[in-house]
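Below is one structure, written out as structure tokens, with a few remarks after it.
Number of protein chains: 6
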Amino acid sequence: MKILYVDVGVSPQWLQPFKKMIELVKRPDVEVEVVGMMRGPPDAEYHYYEHLLMDELLEIVRKAEKERYDSVVIGCFYDPGLREAREIARIPIVGPAEACMHIASTLGHRFSIITGRRKFVPKMEDNTSIYGLEKKLASIRTVDFSVKEMEESREKLKEALLNEAKRAVEEDGAEVIVLGCTAESGFSKELMEKLKVPVIDATLVAWKYAEMMADLHRKLGITHSKIGGYESPPREAGWLE
Amino acid sequence: MKILYVDVGVSPQWLQPFKKMIELVKRPDVEVEVVGMMRGPPDAEYHYYEHLLMDELLEIVRKAEKERYDSVVIGCFYDPGLREAREIARIPIVGPAEACMHIASTLGHRFSIITGRRKFVPKMEDNTSIYGLEKKLASIRTVDFSVKEMEESREKLKEALLNEAKRAVEEDGAEVIVLGCTAESGFSKELMEKLKVPVIDATLVAWKYAEMMADLHRKLGITHSKIGGYESPPREAGWLE
Amino acid sequence: MKILYVDVGVSPQWLQPFKKMIELVKRPDVEVEVVGMMRGPPDAEYHYYEHLLMDELLEIVRKAEKERYDSVVIGCFYDPGLREAREIARIPIVGPAEACMHIASTLGHRFSIITGRRKFVPKMEDNTSIYGLEKKLASIRTVDFSVKEMEESREKLKEALLNEAKRAVEEDGAEVIVLGCTAESGFSKELMEKLKVPVIDATLVAWKYAEMMADLHRKLGITHSKIGGYESPPREAGWLE
Amino acid sequence: MKILYVDVGVSPQWLQPFKKMIELVKRPDVEVEVVGMMRGPPDAEYHYYEHLLMDELLEIVRKAEKERYDSVVIGCFYDPGLREAREIARIPIVGPAEACMHIASTLGHRFSIITGRRKFVPKMEDNTSIYGLEKKLASIRTVDFSVKEMEESREKLKEALLNEAKRAVEEDGAEVIVLGCTAESGFSKELMEKLKVPVIDATLVAWKYAEMMADLHRKLGITHSKIGGYESPPREAGWLE
Amino acid sequence: MKILYVDVGVSPQWLQPFKKMIELVKRPDVEVEVVGMMRGPPDAEYHYYEHLLMDELLEIVRKAEKERYDSVVIGCFYDPGLREAREIARIPIVGPAEACMHIASTLGHRFSIITGRRKFVPKMEDNTSIYGLEKKLASIRTVDFSVKEMEESREKLKEALLNEAKRAVEEDGAEVIVLGCTAESGFSKELMEKLKVPVIDATLVAWKYAEMMADLHRKLGITHSKIGGYESPPREAGWLE
Amino acid sequence: MKILYVDVGVSPQWLQPFKKMIELVKRPDVEVEVVGMMRGPPDAEYHYYEHLLMDELLEIVRKAEKERYDSVVIGCFYDPGLREAREIARIPIVGPAEACMHIASTLGHRFSIITGRRKFVPKMEDNTSIYGLEKKLASIRTVDFSVKEMEESREKLKEALLNEAKRAVEEDGAEVIVLGCTAESGFSKELMEKLKVPVIDATLVAWKYAEMMADLHRKLGITHSKIGGYESPPREAGWLE
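Residue numbers (my numbering), protein chains in the order written: chain A, 1 to 241; chain B, 1001 to 1241; chain C, 2001 to 2241; chain D, 3001 to 3241; chain E, 4001 to 4241; chain F, 5001 to 5241.
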């Protein structure tokens, strides 16, 4: 099987690091590909940026399906374009927020998301609501770092994540922590040791979910439903050439 | 005051009819402008089509603000780009689904939405959930017409709307009907006479909401909040020139 | 059009100030009338007082309809008698809590209500629940002022409102503030400047909602549904002479 | 102990029958008193009628407390005046809807309410929501009888109750039936035999709840809280002489 | 009538004290029996311990029914085996958490539970959810005492309960306090005097609920439904000899 | 890796068939073991039977952990003992209902569960609620087969599953079907072809989830949280020797 991880944003310096991290956790029988974007802002911090990046993202998804990838992971915790990608594709498309929140729900009573800025919270709460998981969400906490700041100050970021995660565990009743930004990847092991609760790295855990989904697709034919919300536009209309 | 209604989709034949309908209900002191799109599919029936139309939609919103429009109505019951438009604009942006569902909630115990096809339901339910109004929603029913079919078979559409609205009132407990597609505009009066319950025309009622919002903005300075989800991208980043 | 604002309680000294405030925001084509009560306590701080004032309130509503008012605003954030008034009237009846919470919901991710005392909170939460808006409510905070104290210590009240609103924005995630007592009217502009988020004045915003509803009624025939909860008592029974 | 059952409405012919029914189920150590009203409509079918009856209802509650009754049952399934009565009294006040829905919740997975007309449903659903029990409610079904019709056609009413209750059990998943109108009292035994599920008579079961509450008050000092929503108006204000 | 209180756990020293407390609040016409267990851990602090105690608990329930007890109270705030006990019995089975939360819901706007340790919270929240009462729950707070510590340090426990209950009332909006562990029995009177809000002793209030249920069963034939979740295994299968 | 599937109930004839089905979908690098029970009823149709089987189930879980299994799947759609097993184990324990409902939630807007009898529904709904997924559940439908009947009439069962699944898709809005009983295993492929929506086989999909969890545990150290609800009993207490 081969699975594609799409880093959402124009930040080529992150492709190798993501690939390396994924290589360490992937199944032996899976091939990893990581691609980024060529047009638009470096990240999807604003919803307008998500829009600017969406066109290329959906192109990549469609190309991946043609090239017989078994699954695509959308590398951004807003899960941008998840609905649109599933509409135009038949292979399993994985959004890190959706996948990680569902897995976190099976690991403890409630989970908290630690993300970047207040700006990010409303869409993430709306997604939690759409995914049906409001009841399992203890809180969304922020470290008050922009994506750029997260990338530039890794040590400070780690410390801030630890602090907020601690407060989530002690004050909000979280039993599980979800690192709610792919720019927070790479810290879960260390945080887990200090916090003594499961910590979900959005990149790596979404990847493992994609492996499972790809396998379910191959072995059992299971992929997202095409009867309602993900019904594809008719080919003859010509918009999906 | 002047307000802009944006018909989402490339369907120039609808601009005059929409304008005429709006002229009949508008406040005397408000100027009506109706614009459509030049690029993309005729309607937003698929989420991928929403994506294809979004770029022009957001351009129109930004231009409207520069041209000192007092408010913009996004003419599609999916409320496409509502989050993004509010992020990049300061004038009140009105989504018909959001506006009509809130108004319907103040008119009776529960409302039902009558829309086109099963395809449309999941995103509309998700929006109802995001808008916080699940409890006021009696049901979403469909007439099983595509947008194109709605435009071509007006009499059959009216009959189908009447049938489903009747069932919503009698079987689902709806006290109010919302016509959940701008292509269903123009029938509310007739339906209301037959059904004896309030029937909300998404185009016209969203327009009236925009008038109120524009007025609230002018008189009291109230528009959508800029502190969280609708925070604008920083000008200096250059993506919003 | 002419609209009636009913100040709930026997406090004649407030009628002129309310009228003046409303005159500043009203539509040019709308006539303002403000009336108060002659029997009962000065305000509706207790539910028993609401009961004592209800009789005159419902009389005023019925008289207003006969005198061809286009809408009535019930001037109290408990929305006392909203259900009963809609039952016996056909013109749109506006409750400030209902109207302001729905409008606030379209302005940001969540809103907080700042009201007088702990005493007020349960009924306001129950109303939020009945109106279907629990999910949009960030918090209800209190300044710990009785209605009388609010009326007597305007400067202290303003300061207290500012403090609680700040905490709502910073600690509870509110993106919008609703001033949840008509005795808190008159401060929204100043608070908005300091808080940098929309602040809803219950009197003025309910008024604007009533203007829109009256217009919707005139132009489109829309008013509250008569099929279920607001069904009127039969005239022949004689209780509604 | 002595407990007062207040039949809400002017229908003196019902006082003896209610008293007889209650005598059969009461605790041996409890004294039964049943009173009705002297002013207003025969029942509380409309919310305006509830208002017309409220004044006398609250007088009766206050008199009962002075006369050292241990508890008062408000004999109407709308629970009219429950909030106001608890505000002005310290002895336990029991609303049949609240009491019966809580007890029904402990008897099975979900309950259905069978009530009179569509008119009644919105307020009952709102009450279910305020009481926090939406999740336990399978459905509210109606027999399409006004209160007057219920009183005049007892056999037809019984048959209609049986039919709707059957459908609630078979189609809506109800495991328990609540007869949601005090005018439906007297049928529970027969219905229970036919339906093979618990059937709650609102009058009798509310009475038993009042006995328990009165006993909890006497033995443990427990009655409704006075710290928030039920805080009493200050005596010195003079409105509660 | 005779009712059986089953202390869940092997802690014979508690049987007399429980019996004495219950004797003081019981109805004059009810006979009290209190039994404990012979096999297993002293309390049900862990879910594995609940499992270890369940076998004997269910035996006791079945024996009680055969010996014509009118009701059984399961003496543990986890309500262990409530579902299973109702499945195999026809007499009313009372769980203290279920009974006390429903009663607390009728006493004020929201209640808080004060229990032992963080460990206890998830199952209690899950039960609140299953019982349908999430909306009435202000908070669950813990004193950070194990059951053993509760039993050994009564004075410290009382102080800790008072502190957490105060915070629940002042910070969480609780109007009613539920002592969420049978090992917290005996303090409600004192706490109520200090807190000025109703305080529910789980043992005593569950007992009173059982008295009411037993009476409802005798007088009206009402007990838990046998049509769905509590359907009994068929006798002929031989597992319930 | 090696994973253990525990068939809950004494039905040795099912062990080979389950093993064969699992062998066909398992990862190449995973070893399958399937065990059943020696004491108690053939299945967990009644909650009392769940209790009777629990002791051996928890023994098996503990033994599996000692024998270095990487994960255990509890083979029953009630997820019996999930809480208890996680409390006493550190390796990932998978409940089919929990795993399948979460996966189904990522495949479409809503899912329906098709299970055996009305009896099964309440606990399954309660579990849905505890797992936080009420909003994603379109409906639970039953084929009205006991577990025994399911095992004996495979063809009739398949037809009944198809019928109810069709109705779930057409009438309840389900986009995904979950076969909610392990005795319904083996039909998903055929049903999927006929229904054109994803159909989840509880045995096989839970197995794949267990593979993912075991892998997450090995690679990233992630397993269920030990800080709250799943905290283990202290070894020194001696109940978990």
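Glycine included, every Cβ here is placed at the ideal spot set by N, Cα and C. Remember, predicted model here, so these are calculated numbers, not experimental data.
query	result
Could you tell me which chain E residues have their CB closer than 7 angstroms to the CB of G132 (chain A), listed as they occur along the chain?	Correct list: empty, because the minimum Cβ distance to chain E is about 14 angstroms.
Out of curiosity, what's the CA-to-CA distance linking R3062 (chain D) and S2071 (chain C)?	37 angstroms
Take V1199 (chain B) and list the residues in its own chain whose beta-carbon comes closer than 6 angstroms to its own, dropping the five residues that flank it on each side.	I1177, S1188, L1191, M1192
For M4038 (chain E), is the classification buried or exposed, using 16 other Cβ atoms within 10 angstroms of its Cβ as the cut-off for buried?	exposed
Using 8 angstroms as the cut-off, can you tell me whether the region 5107-5126 of chain F makes contact with the region 5165-5175 of chain F, which would need three or more C-beta pairs spanning the two stretches below that distance?	yes
Compare the beta carbon distance of L2082 (chain C) and E2067 (chain C) with 8 angstroms and say whether it is the shorter of the two.	no
Does L3058 (chain D) get closer than 8 angstroms to chain C when you measure Cβ to Cβ?	yes
Using the Cα positions of I3093 (chain D) and M5213 (chain F), report the straight-line distance between them to the nearest angstrom.	53 angstroms
Run through DSSP, which three-state label would R3141 (chain D) get?	strand
Suppose you measure from the CA of E2184 (chain C) to the CA of D2201 (chain C); what does that come to, to the nearest Å?	8 angstroms
For S4153 (chain E) and K4194 (chain E), I'd like the C-alpha separation in whole angstroms.	20 angstroms
Taking C-beta to C-beta, are A1165 (chain B) and I1130 (chain B) nearer than 8 angstroms?	no
With distances taken from CA atoms, which of A:P17, A:L204, A:G228 is nearest C100 (chain A)?	A:L204
For R3141 (chain D), return the contacting residues in chain H, with the cut-off set at a CB-CB distance below 9 angstroms.	The question asks about chain H, but that chain is absent: this structure's protein chains are A, B, C, D, E and F.
Chain C beta carbons: is any one of them nearer than 8 angstroms to that of P1080 (chain B)?	no
By the DSSP assignment, the alpha helix (DSSP H) with F5018 (chain F) in it spans what residues?	5015-5025
Have a look at E3236 (chain D) and L3220 (chain D) and give me their C-alpha separation to the nearest angstrom.	29 angstroms
List, in order along the chain, the chain A residues whose C-beta lies closer than 8 angstroms to that of H5047 (chain F)?	Going along chain A, no residue has its Cβ under 8 angstroms from H5047 (chain F), so there is no contact; the nearest lies around 22 angstroms.
If I measure Cβ to Cβ from E5023 (chain F) and keep anything under 7 angstroms in the same chain, skipping five residues before and after, which residues do I get?	V5032
Compare the C-beta of M5192 (chain F) with all C-beta atoms of chain A and state if any pair is closer than 8 angstroms.	yes
Does any CB atom of chain E fall closer than 8 angstroms to the CB of H109 (chain A)?	yes
Return the CA-CA distance between K2 (chain A) and V30 (chain A), expressed in angstroms with no decimal places.	5 angstroms
Among B:V1147, B:M1150, B:T1142, which residue has its Cα nearest to the Cα of N1163 (chain B)?	B:T1142
Within the continuous beta strand (DSSP E) that includes E2056 (chain C), where are the two ends?	Careful: E2056 (chain C) lies outside any beta strand (DSSP E), inside the alpha helix (DSSP H) at 2047-2066.
Taking the alpha carbon of G4075 (chain E) as the reference point, which residue from E:D4055, E:D4007, E:E4059 has its own alpha carbon closest?	E:D4007
Spatial neighbours of T1128 (chain B) within its chain, please: C-beta separation below 6 angstroms, excluding the five flanking residues on both sides.	E1134, L1137
For R1218 (chain B) and A1210 (chain B), I'd like the C-alpha separation in whole angstroms.	12 angstroms
Of the residues that make up the region 1064-1091 of chain B, which ones have a beta carbon closer than 7 angstroms to any beta carbon in chain A?	R1083, E1084, E1087, I1088
Less than 8 angstroms between CB atoms is the rule here; does I5114 (chain F) satisfy it with respect to chain A?	no
Pick out whichever of E:D4215, E:L4240, E:R4086 has its Cα sitting closest to the Cα of V3025 (chain D).	E:D4215
Check each candidate in D:S3139, D:D3126, D:C3181 and name the one with the smallest Cα separation from M3150 (chain D).	D:C3181
Please work out which residues of its chain come closer than 6 angstroms, Cβ to Cβ, to H2224 (chain C), disregarding the five sequence neighbours upstream and downstream, and give them in chain order.	R2086, Y2230
At what residues does the alpha helix (DSSP H) containing K2242 (chain C) begin and finish?	It is not possible to answer for residue 2242 (chain C), since the shown part of chain C is limited to 2001 through 2241.
My output table needs one value for Y3209 (chain D): the three-state DSSP class, helix, strand or coil.	helix
Restricting to Cα atoms, I'd like to know which of A:G186, A:K158, A:E50, A:L179 is closest to S139 (chain A).	A:L179
Rounded to whole angstroms, how far is the Cβ of P5096 (chain F) from the Cβ of Y4046 (chain E), which I believe are closer than 8 angstroms?	Contact flag wrong, Cβ pair sits at about 24 angstroms.
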